[in-house]
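Everything on this sheet refers to the single structure shown next.
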Amino acid sequence: MPTAILTGPPVPGSPLEGDLRSLGFDVRLATGAGEAADVLAGLPAGERAALVDPRFVGHVHALRLGLTDPRFPAAAIPGAATALPEARPALLAALRQAAAAGPRPADEQPLSGASPGGASPGGPVMDTRPARADVLPDLVAAALADGGARPHRPELGPLVAAVPGDPQARNEARQALAAVDDEDVRLRSAVKARDGFFTTFCISPYSRYLARWCARRGLTPNQVTTASLATALTAAAAAATGTRGGFVAAGVLLILSFVLDCADGQLARYSLRYSTLGAWLDATFDRAKEYAYYAGLALGAARGGDDVWALALGAMVLQTCRHVVDFSFNEANHDATGNTSPTAALSDRLDGVGWTVWARRMIVLPIGERWAMIAVLTAVTTPRIVFYALLAGCAFAAAYTTAGRVLRSLTRRARRTDRAARALGDLADSGPLAEGFAVRFGGAARRLPALAPPAIALAGAAALALTASLTPYGGPWTAVAALGYALTSGLAVARPLKGALDWLVPPVFRAAEYGTILVLAVRADVNGALPAAFGLVAAVAYHHYDTVYRIRGGTGAPPRWLVRAVGGHEGRILAVALAAALLGAPQFTIALTVLAVAVALVVVAESVRFWVSSGAPAVHDEGEPA
Numbered sequence: 005m006p007t008a009i010l011t012g013p014p015v016p017g018s019p020l021e022g023d024l025r026s027l028g029f030d031v032r033l034a035t036g037a038g039e040a041a042d043v044l045a046g047l048p049a050g051e052r053a054a055l056v057d058p059r060f061v062g063h064v065h066a067l068r069l070g071l072t073d074p075r076f077p078a079a080a081i082p083g084a085a086t087a088l089p090e091a092r093p094a095l096l097a098a099l100r101q102a103a104a105a106g107p108r109p110a111d112e113q114p115l116s117g118a119s120p121g122g123a124s125p126g127g128p129v130m131d132t133r134p135a136r137a138d139v140l141p142d143l144v145a146a147a148l149a150d151g152g153a154r155p156h157r158p159e160l161g162p163l164v165a166a167v168p169g170d171p172q173a174r175n176e177a178r179q180a181l182a183a184v185d186d187e188d189v190r191l192r193s194a195v196k197a198r199d200g201f202f203t204t205f206c207i208s209p210y211s212r213y214l215a216r217w218c219a220r221r222g223l224t225p226n227q228v229t230t231a232s233l234a235t236a237l238t239a240a241a242a243a244a245t246g247t248r249g250g251f252v253a254a255g256v257l258l259i260l261s262f263v264l265d266c267a268d269g270q271l272a273r274y275s276l277r278y279s280t281l282g283a284w285l286d287a288t289f290d291r292a293k294e295y296a297y298y299a300g301l302a303l304g305a306a307r308g309g310d311d312v313w314a315l316a317l318g319a320m321v322l323q324t325c326r327h328v329v330d331f332s333f334n335e336a337n338h339d340a341t342g343n344t345s346p347t348a349a350l351s352d353r354l355d356g357v358g359w360t361v362w363a364r365r366m367i368v369l370p371i372g373e374r375w376a377m378i379a380v381l382t383a384v385t386t387p388r389i390v391f392y393a394l395l396a397g398c399a400f401a402a403a404y405t406t407a408g409r410v411l412r413s414l415t416r417r418a419r420r421t422d423r424a425a426r427a428l429g430d431l432a433d434s435g436p437l438a439e440g441f442a443v444r445f446g447g448a449a450r451r452l453p454a455l456a457p458p459a460i461a462l463a464g465a466a467a468l469a470l471t472a473s474l475t476p477y478g479g480p481w482t483a484v485a486a487l488g489y490a491l492t493s494g495l496a497v498a499r500p501l502k503g504a505l506d507w508l509v510p511p512v513f514r515a516a517e518y519g520t521i522l523v524l525a526v527r528a529d530v531n532g533a534l535p536a537a538f539g540l541v542a543a544v545a546y547h548h549y550d551t552v553y554r555i556r557g558g559t560g561a562p563p564r565w566l567v568r569a570v571g572g573h574e575g576r577i578l579a580v581a582l583a584a585a586l587l588g589a590p591q592f593t594i595a596l597t598v599l600a601v602a603v604a605l606v607v608v609a610e611s612v613r614f615w616v617s618s619g620a621p622a623v624h625d626e627g628e629p630a
């Protein structure tokens, strides 16, 4: 159990101790800094510890934000400071340092967080008054910052967090406390700060109340995520019936699944129950739900005599490649220095004009708009029309976002870091063949022009796609092109990916691999080839999403043995091309199925093992809607 140490005698009539206990803290009393240090040193090493001034006046949610968020090793609000086990030594050292140092000149005092009057109608404003010398938690937080362990200071907005210095100030703080409904603030802040139009105006106004209902009944975000997955799989099963009633039920269930999908993140923000595992489950289950639904639609269409497996696989390929563009661009610029792009400046100006914000969010077809479109079209049209609309919408969104990011990259002056280059190299998913060619041609690659890596990757991918599409199926030429693709892939990654457009290399690799599997399955022209190809692309895409979320979680890429075990992107392409050349069409279907099962077993087993045992810090995605 976490422990909160009151740094002095309690104020008569103060609800502070009860508030802390309601947040799960065991409350201990210490008279003076020395005794507080002794109590802190004696607490079990694996527990969170907090220092709280007994005169604190504030909302319970302000304490919750300041003292219970699992994402930050150390955090502070006016009158309170906390540390997770990994930051406890720094907190103890800061406590002893603050106790020994005594008051500091006002111009050297750190700024406090929000307090009464510290927020305006336009949003949170940081209090500019210096920390008082008699508020020990504030001095400790200042010492933490001075020692390099700067504590996180949450934005409290209209919430009150203050340590009044006299009865009049205490009365004013209590009046400010009574004027703000912290439950309303907590509920509104549970909604993601940036989301799509459909989610913001059609889902979040009521899904946040569902999140609160779940919190009050002890449900966890991961349980809600799992319920969302189960609902989506039920929707896919309903679509697979191929009946109009099944399609209507599928559309309704898909929307319900999305409501639960929104509620799990809102529950995490409402209850501050963040975790790396939860963020990974939320992201991977989103893809599993969507792609399972595509398969359900394809099965339902087949029951009616319409084969749309190629469209289903094409939609999955396009959607996954869109995401890889997002991931690669963001990782390339995660910690880039400098941003003088006029394109970015124009984008920022457009975001300042009300209607353009929502228009730009809608045209990229984020998950809310996409699922709403799929659900409505499923209920009132046919699977073929659903996929036509999905392909058209995703193609336009992909062209719009990719073009904008290319323009930003070409017009900005920025230096990309070694971390960004490593992330792009990991996202490339190069196997033994590409690695071998990269070593062999490393010296030559360093002498090539700046735009060479994406150009070489694109040339190799285009040659492969044209060969697979135009040469006779079953001939040797696609396998020869796949070997050439392995060579160009190795050359593309032979030097660190720090160029302006080098973030395009992983998306090109994904499009080449998924597209080749799609083309060969279509050209095999045999029952079962496209469903088997769908399963293989789904298994490989899972591996690529898993790589992204390991990098985002700060845990690094999957181990090299895993990448080598599943062949790398170039190895899998060569294996599929050889299977098409050496086996008849029925046997090719079997080969795709065996490869899909093998890849799925290896990557899912390692992924589950890693995420269940991962010690990665808690994270939660607040970025663009997927």
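Residue numbers (my numbering): 5 to 630.
All C-beta atoms, glycine included, are put in the ideal place defined by N, C-alpha and C.
Note that this is a predicted model, so its numbers are computed, not measured.
Cβ pair residue i, residue j closer than 9 Å
{"i": "Pro141", "j": "Ala79", "result": "no"}
{"i": "Ala103", "j": "Ala197", "result": "no"}
{"i": "Ala66", "j": "Ala165", "result": "yes"}
{"i": "Leu524", "j": "Ala485", "result": "no"}
{"i": "Val328", "j": "Arg190", "result": "no"}
{"i": "Pro453", "j": "Leu276", "result": "no"}
{"i": "Asp433", "j": "Ile555", "result": "no"}
{"i": "Leu317", "j": "Ala537", "result": "yes"}
{"i": "Thr203", "j": "Gly479", "result": "no"}
{"i": "Val567", "j": "Gly435", "result": "yes"}
{"i": "Val540", "j": "Thr597", "result": "The sequence as given places Leu at residue 540; Val does not occur at that position. Result yes, Cβ atoms of Leu540 and Thr597 sit closer than 9 Å."}
{"i": "Leu160", "j": "Ile81", "result": "yes"}
{"i": "Tyr489", "j": "Thr324", "result": "no"}
{"i": "Val410", "j": "Leu508", "result": "yes"}
{"i": "Pro387", "j": "Asp310", "result": "yes"}
Residue i versus the options, residue with shortest Cα-Cα distance
{"i": "Leu428", "options": "Ala49, Ser208, Ala561 and Ala37", "result": "Ala561"}
{"i": "Val384", "options": "Ala456, Val256, Asp506 and Ser275", "result": "Val256"}
{"i": "Leu534", "options": "Glu574, Gly503, Gly558 and Ala595", "result": "Ala595"}
{"i": "Met320", "options": "Val361, Arg374, Ala459 and Arg277", "result": "Arg374"}
{"i": "Ala84", "options": "Pro58, Val607, Gln270 and Ala448", "result": "Pro58"}
{"i": "Ser18", "options": "Arg499, Arg52, Val64 and Arg212", "result": "Val64"}
{"i": "Ala379", "options": "Leu431, Ala194, Ser261 and Arg568", "result": "Ser261"}
{"i": "Tyr477", "options": "Gly269, Val526, Leu495 and Pro457", "result": "Val526"}
{"i": "Gln227", "options": "Leu281, Ala456 and Gly246", "result": "Leu281"}
{"i": "Arg564", "options": "Ala483, Leu586, Val195 and Glu439", "result": "Glu439"}
{"i": "Leu487", "options": "Tyr297, Ala467, Phe391 and Gly246", "result": "Ala467"}
{"i": "Ala604", "options": "His156, Ala243, Tyr297 and Ala543", "result": "Ala543"}
{"i": "Ala299", "options": "Arg273, Arg412 and Leu237", "result": "Leu237"}
For residue i, three-class secondary structure by DSSP
{"i": "Gly1", "result": "Nothing about residue 1 can be read from this structure; the chain reaches only from 5 to 630."}
{"i": "Gly62", "result": "strand"}
{"i": "Ala194", "result": "coil"}
{"i": "His573", "result": "helix"}
{"i": "Thr72", "result": "coil"}
{"i": "Ala165", "result": "strand"}
{"i": "Val15", "result": "coil"}
{"i": "His156", "result": "strand"}
{"i": "Ala183", "result": "coil"}
{"i": "Leu47", "result": "coil"}
{"i": "Thr324", "result": "helix"}
{"i": "Ala243", "result": "helix"}
{"i": "Ala449", "result": "helix"}
{"i": "Thr7", "result": "strand"}
{"i": "Ala454", "result": "coil"}
Buried or exposed by the 16-neighbour rule on C-beta atoms within 10 Å, applied to residue i
{"i": "Thr520", "result": "buried"}
{"i": "Asp188", "result": "exposed"}
{"i": "Leu96", "result": "buried"}
{"i": "Tyr553", "result": "buried"}
{"i": "Leu470", "result": "exposed"}
{"i": "Gly152", "result": "exposed"}
{"i": "Glu51", "result": "exposed"}
{"i": "Gln270", "result": "buried"}
{"i": "Gly126", "result": "With a pLDDT of 36 at Gly126, under the threshold of 50, the modelled position of that residue is not reliable, and no figure is offered here."}
{"i": "Pro93", "result": "exposed"}
{"i": "Ile389", "result": "exposed"}
{"i": "Leu474", "result": "exposed"}
{"i": "Gly46", "result": "exposed"}
Contact belief for residue i with residue j at Cβ below 8 Å, rounded distance in angstroms
{"i": "Phe29", "j": "Ala8", "result": "4 Å"}
{"i": "Thr86", "j": "Gly62", "result": "Not confirmed; about 14 Å, so no contact."}
{"i": "Val43", "j": "Ala54", "result": "Val43 to Ala54, Cβ: 11 Å. No contact."}
The ligand ATP heavy atom lying under 8 Å from the CB of residue i
{"i": "Ala595", "result": "As presented, the structure is devoid of all ligands, the ligand ATP included, so that no description of it is given."}
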